[in-house]
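Trainee: Position 112 (the sequence shown) corresponds to 109 in the numbering used here; numbering is contiguous. From the three backbone atoms N, C-alpha and C, an ideal C-beta is built for every residue, glycine too. Quantities reported herein were computed from a predicted structural model and do not represent experimental measurements.
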Amino acid sequence: MNDSAHIELVVHGGTVVESDWMGEADLYVADGKVVAVVAPGGRPPEGAESAYRIDATNRLVLPGGVDPHCHVGFTSGEFTSLDNYRECTTAAVFGGTTTIVDFAIPRSGQAPLEVARAQRDQASEGLCDSALHASVVDWDNSVPDQLRLLAAEGIVTVKMFTTYRGESMASADTILKTMQVLNEVGGMVVIHCESNPIIEEDQRRSSERGQIGAAHMTTTRSELAETAAVAEVLAIAESIDAPVYFVHQSTPAAIELVAAARRRGVRAFSESVAHHLVLDDRSYAGEYPERFVCCPPLRSQATVHAMTKYVFNGEITTVGSDHCCYDTAQKEVHQHDVREMPNGLPGVETRLPVLFSEFVSKRGLSASHFVRISAANPARANGIYPQKGSLRPGSDADIAIWDPRAEWTVGIANLHMKTDYTPYEGMNLIGRPTVVLVRGVVVVDEGKLVNNSARGRHVPAGPVGQLR
Ligand code: URP
Ligand code: ZN
Ligand code: ZN
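(1) What do you reckon, are the CB atoms on A250 and S267 nearer than 9 angstroms?
(2) Classify D137: buried if its beta carbon has 16 or more other beta carbons within 10 angstroms, exposed otherwise.
(3) Can you determine whether any heavy atom of ligand 1 sits closer than 8 angstroms to the C-beta of N340, and answer yes or no?
(4) Ignore the nearest five residues each way along the sequence and tell me which others in P457's own chain have a CB closer than 6 angstroms to its CB.
(5) Quick one: does D126 have its CB under 9 angstroms from some CB of chain C?
(6) Do the segment 437 to 455 and the segment 286 to 300 meet, that is, are 3 or more Cβ pairs less than 8 angstroms apart?
(7) Considering only heavy atoms of ligand 3, list every residue whose Cβ is less than 6 angstroms from one of them, following chain order.
(8) Here's the rule: buried if 16 or more other CB atoms are within 10 angstroms of the residue's CB, otherwise exposed. What is P194?
(9) Going by C-alpha to C-alpha distance, which of P343, Q200, P430 and P420 sits closest to Y285?
(10) Can you list, in chain order, the stretches of the beta strand (DSSP E) that have 3 or more residues and sit fully within the segment 62 to 94?
(11) Give the DSSP-derived three-state secondary structure of H413 in the structure shown.
(12) Would you check if the distance between the CB atom of P375 and the CB atom of V14 is smaller than 9 angstroms?
(13) Please go through the segment 121 to 149 and give each complete beta strand (DSSP E) segment of 3 or more residues, from N-terminal end onward.
(14) Under 8 angstroms Cβ to Cβ from C125, same chain only, skipping five residues before and after it: list those, please.
(15) Using 8 angstroms as the threshold, is the segment 207 to 215 in touch with the segment 269 to 276, meaning 3 or more CB pairs across them?
(16) Quick one: which unbroken alpha helix (DSSP H) runs of 4-plus residues sit fully inside the segment 349 to 433? Chain order, please.
(17) For M338 and C292, what's the separation of their Cα atoms in angstroms?
(18) Could you tell me whether the segment 310 to 328 touches the segment 371 to 386, where touching means 3 or more Cβ pairs closer than 8 angstroms?
(19) Thinking just about the alpha-carbon of each residue, which of E312, Y281 and I233 is nearest to the one in I252?
(20) Of the choices P37, P350, S105 and K30, whose alpha-carbon is the least far from that of L412?
(21) Using only the alpha-carbon positions, how far apart do T305 and R360 sit?
(22) Using 9 angstroms as the threshold, is the C-beta distance between S165 and S132 below it?
(23) Verify the contact flag: F309, CB atom, against every heavy atom of ligand 1, threshold strictly below 8 angstroms.
(24) What distance in whole Å lies between the Cβ atoms of V155 and V187, which are believed to be in contact at a cut-off of 8 angstroms?
(25) Hey, could you find the ends of the beta strand (DSSP E) L6 is sitting in?
(26) Which residue marks the beginning of the alpha helix (DSSP H) containing I188, and which one marks its end?
(27) Please classify W399: is it buried, with 16 or more other beta-carbons within 10 angstroms of its beta-carbon, or exposed?
(28) So what's L110 in DSSP terms, helix, strand or just coil?
(29) Evaluate R206 with the Cβ neighbour count: other Cβ atoms within 10 Å of its Cβ, from every protein chain shown; 16 or more gives buried, anything less gives exposed.
(30) Verify the contact flag: S280, CB atom, against every heavy atom of ligand 1, threshold strictly below 8 angstroms.
(31) What is the rounded straight-line gap between the Cα of R466 and the Cα of E443?
(32) Look up V227 in the DSSP assignment and say whether it is helix, strand or coil.
(33) Along the beta strand (DSSP E) that carries R50, what are the first and last residues, could you check?
Here's what the structure looks like:
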């Protein structure tokens, strides 16, 4: 510890949970960073007597969540999701997430570098910090230098899509070339995998049957479409020894492909998102099927059940939210034709409570494993660990103090996302954050926003290419 650091804050009496250990300990904070973690009986650092004290008795003390997949003000087709950095990060901190990773996706004719810089500049409006994925859709000779400049500015992950023709879909050739450049600069492609030809054919047939509305979402995007695209992209990455991170994997088949590649030495990683682990396609038979339209779609009960194993066995590297803050009105406009609908579900605020409740409280996942997949591994995969996703000395004092026994019912009236619905409405959960700190400042205290100053910073990423 820096001798001159003035201890401002002590979080005492709680159980500190890191991704690789947990135990009773007091956390000491100075200048917005953790400076000491002291087990009972240990010697507190000097100068801590006058520090502000937060009692965490009977609470878990977690590193704030890192959401590796969060769309802020995302435009797709004619729709833009409804939140900005301030609104999205407000919801994030209420849910215990203190770092979001957003996307800068170029529209036709836009340069990835300019789009990423503009998106990055919004970080300062946030209540918490953020990192950013750039994106490449079309290849031209300027792309390699743009990617090199982005890497030098701390943006090393690049989102690509194998679907959404005419919007953000990239060719296999562009994916390979992007991976090659990122391999040079310690970067990594993060990719949405669904085979577009299979999907377009699925959709054509569904449309012919008159079944192209939201209630028929599952038949328009098959599990096979996901498996096929994952296999192709894995082969591309393996052929040039490039790392690759698959976003929102929703099926055991897709996860197994990635796990098998990893066993062969490929640097390949599986992200899943909360709704694919908890919700299933019965939602499309309910009153508001449009509210559940996302890509990949919610899968069958059997598939969702089978995904549990991969949370426990570690094959799922990270769990994100894939937050897209559309409201019901936007979802309803084209509810009779999913090809025209805005895809995606609001979830930045519910990701951690839902995951904790369904896996830690109800199925016995260890709290350390929860931290690993929801904070530490997302930070690692984005080159911002251990500044984020950890509470070791030197890490930012982003802290979620968590009541593991709190029982509550999810309802949009008590959430803060800029929409009028949550896909988890009425779900009974166990566990929630009670106090949330961003770089040592209490922002949420017992359900109240107690500091709403814009304090967000863009967190530059270090290399991620060596991740194993
Ligand atoms: O349905 C989704 N996931 N919408 C957001 C964009 C994307 O594909 O990640
Ligand atoms: Zn996607
Ligand atoms: Zn997404």
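Mentor: The short version:
(1) Cβ atoms of A250 and S267: not closer than 9 angstroms.
(2) Exposed, by the Cβ-count rule.
(3) yes
(4) If we look at P457 and ignore the five residues flanking it on each side, its Cβ neighbours are G151.
(5) The structure shown has no chain C; it contains just one protein chain.
(6) They do not touch, by the three-pair rule.
(7) H66, H68 and D319
(8) exposed
(9) P420
(10) 62 to 64
(11) coil
(12) no
(13) Taking only runs of at least 3 residues, the beta strand (DSSP E) segments lying wholly in the segment 121 to 149 are 126 to 132.
(14) G61, T86, A89, V90, T94, T95, T96, I97, D395, V435, V440, R452 and G453
(15) no
(16) 364 to 368 and 374 to 378
(17) Cα atoms of M338 and C292: separation of roughly 11 angstroms, rounded to the nearest angstrom.
(18) Remark: three or more beta-carbon pairs, one from each stretch, lie closer than 8 angstroms, so the segment 310 to 328 and the segment 371 to 386 are flagged as touching.
(19) Closest option to I252, Cα to Cα, is E312.
(20) Per the Cα distances, P350.
(21) Answer to the nearest angstrom: the Cα atoms are 9 angstroms apart.
(22) yes
(23) no
(24) 7 angstroms
(25) L6 to V14
(26) Taken as a continuous stretch (DSSP letters only), I188 belongs to no alpha helix (DSSP H), being part of the beta strand (DSSP E) at M185 to H189.
(27) buried
(28) helix
(29) exposed
(30) no
(31) Nothing in the structure corresponds to residue 466, since the chain is present only between -2 and 465.
(32) Three-state result, V227: helix.
(33) DSSP places R50 inside the beta strand (DSSP E), whose first and last residues are Y49 to D52.
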